[in-house]
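Under UniProt numbering, residue 445 is the last one in the sequence shown; the count climbs by one each step, no gaps.
In this text, a Cβ means the ideal position worked out from N, Cα and C, and glycines have one as well.
Nothing here was measured: the structure is a model prediction, and the numbers come from that model.
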Amino acid sequence: MWAVPKWLHEAVLRTVYRRENASMSPSKEAAPSCPVSAWSAKKTSARKRQHRVSVKAVREHSDYRQKKKKKKKRRKKKKRQEKRLAKSCCSHSSAGREGDEAKVNDSYQLERHCRLAFGPALGTRSMAHWRATKGIVNWAENHNMRHQPYNRSPSKASAKHPEPKPKLILKDVGPKELTETGRFETLYSMGELIGHGGYGSVYAGHRKSDNLPVALKMVDMNRIKMWAKMSEFEEPIPLEIALLRQVCRSHPCQGIAQLLDYMELQESYVMVLERPEPCQDLFTYMQEGQGYLEEAMAKHMLQQLVRVLLHCHSRGVVHRDLKPENILVETATQRLKLLDFGSASVIKEGHYTDVAGTPEYFPPETVLRGEYFAVPATVWSLGILLFQMVWGDVPFYDEAAIVKGILYFPRGISRECRHLIRQCLTVSPKDRPTLEQILLHPWML
Numbered sequence: 001m002w003a004v005p006k007w008l009h010e011a012v013l014r015t016v017y018r019r020e021n022a023s024m025s026p027s028k029e030a031a032p033s034c035p036v037s038a039w040s041a042k043k044t045s046a047r048k049r050q051h052r053v054s055v056k057a058v059r060e061h062s063d064y065r066q067k068k069k070k071k072k073k074r075r076k077k078k079k080r081q082e083k084r085l086a087k088s089c090c091s092h093s094s095a096g097r098e099g100d101e102a103k104v105n106d107s108y109q110l111e112r113h114c115r116l117a118f119g120p121a122l123g124t125r126s127m128a129h130w131r132a133t134k135g136i137v138n139w140a141e142n143h144n145m146r147h148q149p150y151n152r153s154p155s156k157a158s159a160k161h162p163e164p165k166p167k168l169i170l171k172d173v174g175p176k177e178l179t180e181t182g183r184f185e186t187l188y189s190m191g192e193l194i195g196h197g198g199y200g201s202v203y204a205g206h207r208k209s210d211n212l213p214v215a216l217k218m219v220d221m222n223r224i225k226m227w228a229k230m231s232e233f234e235e236p237i238p239l240e241i242a243l244l245r246q247v248c249r250s251h252p253c254q255g256i257a258q259l260l261d262y263m264e265l266q267e268s269y270v271m272v273l274e275r276p277e278p279c280q281d282l283f284t285y286m287q288e289g290q291g292y293l294e295e296a297m298a299k300h301m302l303q304q305l306v307r308v309l310l311h312c313h314s315r316g317v318v319h320r321d322l323k324p325e326n327i328l329v330e331t332a333t334q335r336l337k338l339l340d341f342g343s344a345s346v347i348k349e350g351h352y353t354d355v356a357g358t359p360e361y362f363p364p365e366t367v368l369r370g371e372y373f374a375v376p377a378t379v380w381s382l383g384i385l386l387f388q389m390v391w392g393d394v395p396f397y398d399e400a401a402i403v404k405g406i407l408y409f410p411r412g413i414s415r416e417c418r419h420l421i422r423q424c425l426t427v428s429p430k431d432r433p434t435l436e437q438i439l440l441h442p443w444m445l
């Protein structure tokens, strides 16, 4: 026989009870209780009791967990105290004690400390240590041998792995620095600020002995990243000073601002450079004129600059930051002087991976791969500079334009000049001309 489900039976009883109550007239007397409602009330009270029991169980479980955590913390704290006690006991020698009891206590503490320090983690090593330490005297000797402080003195350093030597140690202020400061104040007078860059500040000054105009470039020691060791100096000197001495020694080039003197002060290096008067940097020289140069003047400037760069390369130096702000123009004679060797480096046949210079003058290979060769990168910067001289602005403003290398020439630029600019700004570095080929170009003759 088919059995009626319990839920269906309850639903039928509720429906019948609801209809009976609806057919009756409303009154203030209490309605008769429904058997289903009574059963539901009992079930609800049972659920409440069960909920209270479950809540109580959860609370008891949480209390148990808290007690367990506290017990675990107490155990850890006790272990730490035991370790500290063992170490403190191990630090005292038993040589000054008398009696066998002190020796036994020391051996126990040594044994306990070695178990704590080496037992669970080192496996067979701890067992070997355990077996090798038999007796009171052996325990102490073995402990002193195993737990002695590590000595990193140079006399006991490994020959295979020697300690690295520091590249440069900046000394505290001493008599040498004070002497240099006094010499600077005695020989030179400082004037107004004429330039400021990432490496330091440049001030106008004069040499007191003959009132010679000089430029005083002050470079913060903390900003110097590259140092060089030269035979005539005991300590390393900044790479910029070493490269300037390299290009100016024996037969100095007239197209480079000569390094007259330099000294080490308390927090900076001071380079004393020649400063012809009257003079302006190339950018200011163009801005105060028409904003650009005529082709004849641009040709004269470029010829001088290429010869200066050839001289630098012959001395093993690459400038790496060619731009109008780093070129000084003697306004009376229109002669150039190359400035700021702060980004310069030693020339080499391989490629460079350290990016230096101004982003608007970077070649495409620097933008794409972060590497470049000395001569092709210099030729690219010369092409940007020539375009800027004959037009008054750079041809590319972002990396995408540099990589594409598409040139738009304004009117008024000769065909030979445009041809030279296109050759210098070729995207492939292998197809760019050399410095000697630039001097032999028809536009340069």
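Q. According to the Cβ coordinates, are methionine 301 and methionine 389 closer than 8 Å?
A. For the purposes of this step, residue 301 is taken as residue 301 along the sequence shown, with counting starting at 1. For the purposes of this step, residue 389 is taken as residue 389 along the sequence shown, with counting starting at 1. The answer is yes: Cβ separation under 8 Å.
**Q.** Nonlocal neighbours in the same chain, by C-beta distance under 7 Å from proline 363, ignoring five residues either side
**A.** The sequence position of residue 363 within the sequence shown is 363, counting from 1. Around proline 363: Tyr372, Pro376, Ala377, Trp380, Pro429.
Q) leucine 170 to valine 367, Cα distance in whole Å? A) Position 170 of the sequence shown holds residue 170. Position 367 of the sequence shown holds residue 367. The predicted position of leucine 170 is uncertain, since its pLDDT is 30 and thus under 50; no value can be drawn from it.
Q | For alanine 228, the nearest candidate out of Met190, Asn222, Val346, Thr186 (CA to CA) | A | Residue 228 sits at position 228 when you count from the first residue of the sequence shown. The residue with the shortest Cα to Cα distance from alanine 228 is Val346.
Q. CB-CB under 7 Å to arginine 245, same chain, minus the five flanking residues each way: which ones, in chain order?
A. In the sequence shown, residue 245 corresponds to position 245, counting from 1. Around arginine 245: Leu259.
Q | For glutamine 280: DSSP bridge partner residues | A | The sequence position of residue 280 within the sequence shown is 280, counting from 1. DSSP output for glutamine 280 lists Val329 as bridge partner(s).
Q) Across which residues does DSSP place isoleucine 237 in a beta bridge pair? A) Looking up residue 237 in the sequence shown gives position 237. The partner list for isoleucine 237 (beta bridge, DSSP) reads Ala228.
Q.
So, with DSSP's three-state summary, where would you put isoleucine 438?
A. The residue you call residue 438 lines up with position 438 of the sequence shown. Three-state result, isoleucine 438: helix.
Q) Since leucine 259 is in the alpha helix (DSSP H), which residue starts that stretch and which ends it? A) Residue numbering aside, residue 259 sits at position 259 when the sequence shown is read from its first letter. No alpha helix (DSSP H) holds leucine 259; the beta strand (DSSP E) holding it covers 259-264.
Q. In angstroms, rounded to a whole number, what distance separates the CA positions of glycine 357 and histidine 319?
A. Indexing the sequence shown from 1 puts residue 357 at position 357. Indexing the sequence shown from 1 puts residue 319 at position 319. Whole-angstrom Cα-Cα distance: 9 Å.
Q: State whether the stretch 308-318 contacts the stretch 329-347, with contact taken as three or more CB pairs (one from each stretch) at a distance under 8 Å.
A: yes
(Q) Using a 10 Å radius around the Cβ and a threshold of 16 neighbouring Cβ atoms, would you call lysine 337 buried or exposed? (A) Locating residue 337 in the sequence shown gives position 337, where the first residue counts as 1. Under this definition lysine 337 is a buried residue.
Q: Could you pull out every residue in the same chain whose Cβ sits closer than 8 Å to the Cβ of glutamate 180, ignoring the five residues on either side in sequence?
A: Taking the first residue of the sequence shown as 1, we reach residue 180 at position 180. Closer than 8 Å at Cβ, skipping near neighbours: Met263, Glu264, Leu265.
Q.
Just to check my reading of the structure: arginine 223 and tyrosine 199 have Cβ atoms closer than 8 Å, yes? What is that Cβ distance to the nearest angstrom?
A. Looking up residue 223 in the sequence shown gives position 223. Looking up residue 199 in the sequence shown gives position 199. That belief holds up - the Cβ atoms of arginine 223 and tyrosine 199 are roughly 6 Å apart, short of 8 Å.
Q) Skipping 5 residues on each side, what residues in its chain have a beta carbon closer than 8 Å to that of threonine 186? A) Taking the sequence shown and counting its residues from 1, the one referred to as residue 186 is at position 186. Contacts found: Lys208.
**Q.** Limits of the unbroken beta strand (DSSP E) element including residue 468
**A.** Beyond the ends of the chain as shown, which are 1 and 445, falls residue 468; an answer cannot be given.
Q) Is the CB-CB distance between proline 324 and aspartate 281 below 8 Å? A) Position 324 of the sequence shown, counted from the first residue, corresponds to residue 324. Position 281 of the sequence shown, counted from the first residue, corresponds to residue 281. In this structure, aspartate 281 lies closer than 8 Å to proline 324 by Cβ.
Q: Classify arginine 320 as helix, strand or coil using the three-state DSSP reduction.
A: Position 320 of the sequence shown, counted from the first residue, corresponds to residue 320. The answer is coil: DSSP assigns arginine 320 none of H, G, I, E or B.
Q: Report the residue from Leu425, Ile241, Gln66 whose alpha carbon sits nearest the alpha carbon of phenylalanine 387.
A: On the sequence shown, position 387 is the one that residue 387 refers to. Phenylalanine 387 has its Cα closest to that of Leu425, out of Leu425, Ile241, Gln66.
Q: Could you have a look at glycine 195 and say whether DSSP puts it in helix, strand or coil?
A: Residue mapping note: residue 195 aligns to position 195 of the sequence shown, counting from 1. Strand, per DSSP.
Q. So what does DSSP say about leucine 445, is it helix, strand or coil?
A. For the purposes of this step, residue 445 is identified with residue 445 of the sequence shown, where counting begins at 1. The answer is coil: DSSP assigns leucine 445 none of H, G, I, E or B.
Q. Which residue or residues does DSSP assign as beta-bridge partners of arginine 335?
A. By one-based count along the sequence shown, residue 335 stands at place 335. Partner(s): Glu330.
Q: Provide the residue(s) that pair with proline 213 in DSSP beta bridges, ordered along the chain.
A: Within the sequence shown, numbered from 1, the residue matching residue 213 stands at position 213. His206, per the DSSP bridge assignment.
Q | 7 Å Cβ shell around histidine 351 - same chain, five flanking residues per side excluded | A | As a working note, residue 351 is residue 351 in the sequence shown. The beta carbon of histidine 351 is closer than 7 Å to those of Glu371, Tyr372, Phe373 in its chain, skipping five residues each way along the sequence.
Q) Taking DSSP as the reference, what is the three-state secondary structure of residue 446? A) No answer is possible for residue 446: it lies beyond the span of the chain, which begins at 1 and ends at 445.
Q | tyrosine 269 and valine 219 closer than 8 Å at C-beta | A | Counting from one through the sequence shown, the residue named residue 269 turns up at place 269. Counting from one through the sequence shown, the residue named residue 219 turns up at place 219. Yes.
Q: Going by CA-CA distance only, name the one from Glu360, Phe341, Arg369, Asp340 that's closest to aspartate 354.
A: Counting from 1 along the sequence shown, the entry for residue 354 is found at position 354. Selected option, being the one with the closest Cα: Arg369.
Q. When the distance is taken between beta carbons, is leucine 435 closer than 8 Å to leucine 309?
A. Within the sequence shown, numbered from 1, the residue matching residue 309 stands at position 309. Within the sequence shown, numbered from 1, the residue matching residue 435 stands at position 435. Contact: yes.
Q: Consult DSSP for tyrosine 188 and reduce its assignment to one of helix, strand or coil.
A: One-based indexing of the sequence shown puts residue 188 at position 188. Judged by DSSP in its simplified three-state form, tyrosine 188 adopts strand.
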